[in-house]
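Novice:
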Amino acid sequence: MKNPRFVKRVLAILVVFGLMLSLAACKKKAAQQPQQSSQNKNIEEKITLTFTHMFTNDGSAISTGFYNALNEYKKSHPNVTIKQEALSHDTYETKIKTLAAGGELPDVFVIKGSMVDPFYNNNQIVPLNDALDSDMAWKNSFVEGAFDDFKRGDKILGIPIQVQPTSLIFYNKQIFKEAGINEFPKDWNEFKDAVKKLRSKGYIPITAGNKGKWLVESCILSTLGDRFTGTEWFVSIRDRKGSKFTDPEFVNALRAIDELVKMKAFNTDINSLDNNQQRTLYYNKKAAMFFEGGWAISLVTNEAPKDVLDATELAIIPPVPGGKGKPNTVSGGAGWAFQINAKLDGSKKNAALELLKALSSYAYSRPMLEKGGFPATKVTNYDESKLSTLAKKYQQLAKNIKYVPVYDVQLSPGVIEVMNSGLQDMIIGTITPEKLAQKIQQEYEREASK
Amino acid sequence: MERGLFKPKSRVFIGYLVLPVLWYVFVVVMPLILAFNYSLYDWSGGPRMRFVGLSNYAELIKDTDFWLSFKNNIIITLLCIVGQIGIAFILAALMTTRVLKFKEFHRTVIFLPVVLSAVVIGFIWTLMYNQQIGILNWILRAIGLESLIKPWLDDPKIVIYSVSVPLIWQYIGFYLVILMASLQSIPKEIFEAAEIDGADGFKRTIYIILPLLADTLKVSVMLCIAGNMKVFDHIYVMTGGGPGKSSMVMAQYAYNNSFIMFKLGYGSTISVGILVLSLAIILLSRKLMGGKRQ
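For the protein sequence lines, the chains are G and X, in the order given.
365 is the number that full-length UniProt numbering gives to position 365 of the first sequence; each next residue is one higher, with no gaps.
109 is the number that full-length UniProt numbering gives to position 109 of the second sequence; each next residue is one higher, with no gaps.
Written out as structure tokens, the structure is:
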């Protein structure tokens, strides 16, 4: 009597469970079917693309170009629905890595140079050579060296978003004058003198926001390091041809930053502000300068009070005495690129590739350039009068600039994490430059041994 | 028949238990086994995995950053035991007195932060700590204590305490509710008798409430340790383990290794390390508190 009742109950539970499972399975099948047939019918089918990126609609040069191109694309592709997710830069970087680790990358996304290797080794992205070669006009529209950060051998693993410097010095010439500095320092010793003078006048010489950990490395060390080591050293590090992070030149570059910290050149809350907050001190005329990449040109133009904007001038890190690097280099390049998920195929892949094309088209580059951005494609036909004063100042400066690699774009994520959080450690004085160099070298060697 | 009502046959019992147990195995035990499995590989998240045996563990034992974050976890745990349970105990004791008015109101207000999202709390406190616009420095300035103003989340010497404060603040209510529940189960006569005997205020707390709540307090301490060994979201939002590694906790370190440095194998090793260390500390604390005397 008891037995059958128990069995019945268990059976009932199992049946319910089974039903739930089969329902879920049905749903899946139903969802899969149209996709399969879409491969045969193409274009007319409804296509949905997921697109995760880091362009919030904030009026910056890049987002203006981006949304302009995206709208054009939507108009010409009414059958494609784009589900987009826009995140801020730091959040985006974390999110995309997390998605990649879980094997759940969106259909179209933005990829950093340093992510190319792990993504590619895990078959999450594919080379875009075929697509580029089938449309030579597209391929040839890019500026020289635009693909450098995304080339592995002959394979091109990303469509560059923009090509820009990551290290410019924005300074307020009024404040400089007030401190008795009439001209931007010509070499590193003069620069340190200037810092002292600004400090004694009560200004924060350099405002910096390093909460995201990349700013000091990307916007200061990458260029300052090149001044000390020369570019050959970095190329040798990247290709594992014998240079070491413990080489005296690189340690000297770390020491130079350490020295700035000891001179109180930075704001005291450097490690809890992010790069957007760092500029607030500059806008309030409490700080005399800040280091940031080309993207800040349009931001300063939009955000700064008029008197600050008028007083703002641009410069690059001056040469260091005895340094091996050339004086006119600035770390920069594409850094980030658009990519598509390796899983895409058929009409979905075509739609995604066309989206990439749209995102390097004239509709993308022109508004970006006119707002003071740095498109990765050559734009000849644009309205020069639309350029802001600051952007014009940059165009002037850019005539002599040569790009050198940015560390965090070309080194592996492991080495970069050690370097970036190590720099935070060094700034708060818990590690010496020598020790930090050793730590980076250790991680670098550990990766080589695998 | 009646017996059956109160004491279900063991088969029925098992029948009802099957689903929850299966669910538990699926969400707790399986990930544990998977994490242990991953920890034996050199793995960056994709299909490529390389078996390396126990070498990840050998690395973990030598990893000073991991032990530093373990130390931070211990500091946070100790602070939280003293802060959360200590303050909750004092508040609970106050609730039994007649001095305190609007008890229901107080209880609700104190409990409110418990249900807030850790991310929101992290953001709010980051703003409060902000050097320029933060309310904390504003108050200090307003009452003339400008010399105390610090970059709260930037100074490696104090950052671990700064990030503990929101944690403590958030969970006081949680322990208050536990202690209150236990207090309410103490018969009123005991308090009345104590009052007649002249034990009030401080004496009553020490000689009556404390011994009667001893078991609940032990459980609270255990909960507190378990919760704080895996603390993550507050610190992730406020400092991301920075500046440098000075507020790094184990969970954050596991996260950094897994998702920032693409070392998922090693990240899993750290997670297993967290589990082992947490269990060890909970067992140790049980030994110290007298274990299962009851």
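A virtual CB, placed ideally from N, CA and C, is assigned to each residue, including glycine.
Helix, strand or coil: which one does DSSP assign to glutamate 45 of chain G?
Specialist: What you label residue 45 of chain G is simply residue 45 of the first sequence in a count that begins at 1. Coil at glutamate 45 of chain G, not helix or strand.
Novice: Tell whether a beta-carbon distance below 8 Å holds between proline 165 of chain G and serine 331 of chain G.
Specialist: Taking the first residue of the first sequence as 1, we reach residue 165 of chain G at position 165. Taking the first residue of the first sequence as 1, we reach residue 331 of chain G at position 331. Against a cut-off of 8 Å, the Cβ pair of serine 331 of chain G and proline 165 of chain G comes out as a contact.
Novice: Counting only beta-carbon atoms, is lysine 97 of chain G nearer than 8 Å to chain X?
Specialist: Taking the first residue of the first sequence as 1, we reach residue 97 of chain G at position 97. By this cut-off, lysine 97 of chain G is an interface position.
Novice: Figure out for me which residue from G/Thr312, G/Phe338, G/Val126, G/Leu273 has the closest Cα to the Cα of valine 344 of chain G.
Specialist: Along the first sequence, read from residue 1 onward, the residue named residue 344 of chain G stands at position 344. Note that residue 344 of chain G is leucine in the sequence shown here, rather than valine. Answer by Cα proximity: G/Val126.
Novice: May I ask you to report which of helix, strand or coil DSSP gives aspartate 425 of chain G?
Specialist: Here residue 425 of chain G is taken as the residue at index 425 of the first sequence, counted from 1. In the structure shown, aspartate 425 of chain G sits in a helix (DSSP, three-state: H, G or I).
Novice: Skipping 5 residues on each side, what residues in its chain have a beta carbon closer than 8 Å to that of aspartate 383 of chain G?
Specialist: Locating residue 383 of chain G in the first sequence gives position 383, where the first residue counts as 1. Glu370, listed in sequence order.
Novice: Rounded to whole angstroms, how far is the Cβ of alanine 208 of chain G from the Cβ of isoleucine 270 of chain G, which I believe are closer than 8 Å?
Specialist: The sequence position of residue 208 of chain G within the first sequence is 208, counting from 1. The sequence position of residue 270 of chain G within the first sequence is 270, counting from 1. That pair is a contact at about 5 Å.
Novice: Taking C-beta pairs closer than 9 Å, name the residues in chain X that alanine 61 of chain G reaches, listed in chain order.
Specialist: Taking the first residue of the first sequence as 1, we reach residue 61 of chain G at position 61. In chain order: nothing, as chain X lies at least about 27 Å away.
Novice: Measure the alpha-carbon distance for lysine 357 of chain G versus leucine 132 of chain G and round it to whole angstroms.
Specialist: Start at 1 with the first residue of the first sequence, and residue 357 of chain G comes out as number 357. Start at 1 with the first residue of the first sequence, and residue 132 of chain G comes out as number 132. Going by the C-alpha atoms only, they are around 9 Å apart.
Novice: Hey, could you find the ends of the beta strand (DSSP E) proline 47 of chain X is sitting in?
Specialist: Mapped onto the second sequence, residue 47 of chain X falls at position 47. Per DSSP, proline 47 of chain X belongs to no beta strand (DSSP E) and is neither H nor E.
Novice: Which one of G/Ala315, G/Thr377, G/Phe51 has the shortest CA to CA distance from glutamine 162 of chain G?
Specialist: For the purposes of this step, residue 162 of chain G is identified with residue 162 of the first sequence, where counting begins at 1. Of G/Ala315, G/Thr377, G/Phe51, the residue nearest in Cα terms is G/Thr377.
Novice: If we cut at 8 Å on Cβ distances, does alanine 25 of chain G have a partner in chain X?
Specialist: The residue you call residue 25 of chain G lines up with position 25 of the first sequence. With a pLDDT of only 49 at alanine 25 of chain G, under 50, the local geometry of the prediction cannot be trusted, and the value read off the model is given with reservation. False, the Cβ-Cβ gap to chain X never drops below 8 Å.
Novice: Using DSSP bridges, identify the partner residues of threonine 50 of chain G.
Specialist: One-based indexing of the first sequence puts residue 50 of chain G at position 50. According to DSSP, threonine 50 of chain G bridges with G/Lys83.
Novice: Applying a beta-carbon distance threshold of less than 8 Å, which residues of chain G neighbour serine 10 of chain X?
Specialist: Position 10 of the second sequence, counting from 1, holds the residue named residue 10 of chain X. Correct list: empty, because the minimum Cβ distance to chain G is about 10 Å.
Novice: Is DSSP giving threonine 377 of chain G helix, strand or coil here?
Specialist: In the first sequence, the residue the question calls residue 377 of chain G occupies position 377. Threonine 377 of chain G falls in the strand class under three-state DSSP.
Novice: Helix, strand or coil: which one does DSSP assign to glutamine 131 of chain X?
Specialist: By 1-based counting over the second sequence, the position of residue 131 of chain X is 131. If DSSP states are grouped into helix, strand and coil, glutamine 131 of chain X belongs with coil.
Novice: Looking at the C-beta of glycine 242 of chain G, does it have a partner C-beta in chain X at a distance below 8 Å?
Specialist: For the purposes of this step, residue 242 of chain G is taken as the residue at position 242 of the first sequence. Closer than 8 Å: no.
Novice: Once the 5 residues before and after valine 406 of chain G are set aside, which same chain residues still bring their CB inside 7 Å of it?
Specialist: Taking the first residue of the first sequence as position 1, residue 406 of chain G is located at position 406. Once the five neighbours on either side are set aside, the close Cβ partners of valine 406 of chain G are Thr166, Ser218, Ser222, Ser331, Gly332, Gly333, Gly335.
Novice: Quick one: using the 10 Å Cβ neighbour count with 16 as the cut-off for buried, is methionine 30 of chain X buried or exposed?
Specialist: Within the second sequence, residue 30 of chain X is the residue found at index 30, counting from 1. With fewer than 16 other Cβ atoms within 10 Å, it is exposed.
Novice: Less than 7 Å between C-beta atoms, sequence neighbours within five positions excluded: which residues of the same chain meet that for aspartate 42 of chain X?
Specialist: Numbered from 1 along the second sequence, position 42 holds the residue referred to as residue 42 of chain X. The residues are Arg50, Val52, Gly265.
Novice: Looking only at its chain, what residues have a beta carbon closer than 7 Å to the beta carbon of valine 143 of chain G, apart from the 5 residues adjacent to it on each side?
Specialist: By one-based count along the first sequence, residue 143 of chain G stands at place 143. Val163, Ala376, Thr377, Lys378, listed in sequence order.
Novice: To the nearest angstrom, how far is the alpha carbon of glycine 158 of chain G from that of alanine 69 of chain G?
Specialist: In the first sequence, residue 158 of chain G corresponds to position 158, counting from 1. In the first sequence, residue 69 of chain G corresponds to position 69, counting from 1. Those two C-alpha atoms are separated by around 18 Å.
Novice: Is the segment 213-223 of chain X close to the segment 189-201 of chain X, with three or more CB pairs under 8 Å?
Specialist: In short, these stretches do not touch, since the Cβ pair count stays below three.
Novice: Beta carbons nearer than 8 Å to chain G: which residues of the segment 246-267 of chain X have them?
Specialist: From the segment 246-267 of chain X, only Ser246, Asn256, Ser258, Phe259, Ile260, Met261, Phe262, Lys263, Leu264 have a Cβ closer than 8 Å to chain G.
Novice: With leucine 49 of chain G and isoleucine 96 of chain G assumed to form a contact (beta carbons below 8 Å), what rounded beta-carbon distance in angstroms separates them?
Specialist: On the first sequence, residue 49 of chain G is found 49 positions in, with the first residue counted as 1. On the first sequence, residue 96 of chain G is found 96 positions in, with the first residue counted as 1. Going by Cβ atoms, the distance from leucine 49 of chain G to isoleucine 96 of chain G rounds to 16 Å, so no, they are not a contact pair.
Novice: Which stretch, first to last residue, makes up the alpha helix (DSSP H) that contains glycine 322 of chain G?
Specialist: Looking up residue 322 of chain G in the first sequence gives position 322. Unbroken run through glycine 322 of chain G: none, as it is neither H nor E.
Novice: Exposed or buried, which one is methionine 136 of chain G when buried takes at least 16 other CB atoms within 10 Å?
Specialist: Along the first sequence, read from residue 1 onward, the residue named residue 136 of chain G stands at position 136. Burial call: exposed.
Novice: With a threshold of 7 Å on Cβ separation, who are the neighbours of residue 327 of chain X within its own chain once the five nearest residues in sequence on each side are excluded?
Specialist: Nothing about residue 327 of chain X can be read from this structure; chain X reaches only from 1 to 294.
Novice: From what residue to what residue does the beta strand (DSSP E) around tyrosine 403 of chain G run?
Specialist: Position 403 of the first sequence, counted from the first residue, corresponds to residue 403 of chain G. First-last of the beta strand (DSSP E) with tyrosine 403 of chain G: 402-404.
Novice: Thinking glycine 65 of chain G and tyrosine 364 of chain G are a contact (beta carbons under 8 Å), I'd like their distance in whole angstroms, please.
Specialist: Taking the first residue of the first sequence as position 1, residue 65 of chain G is located at position 65. Taking the first residue of the first sequence as position 1, residue 364 of chain G is located at position 364. With 8 Å as the limit, glycine 65 of chain G and tyrosine 364 of chain G qualify as a contact, their Cβ atoms being about 5 Å apart.
Novice: Compare the C-alpha of methionine 180 of chain X against each of X/Met128, X/Lys245, X/Leu94 and name the closest.
Specialist: Counting from one through the second sequence, the residue named residue 180 of chain X turns up at place 180. The shortest Cα separation from methionine 180 of chain X among X/Met128, X/Lys245, X/Leu94 belongs to X/Leu94.
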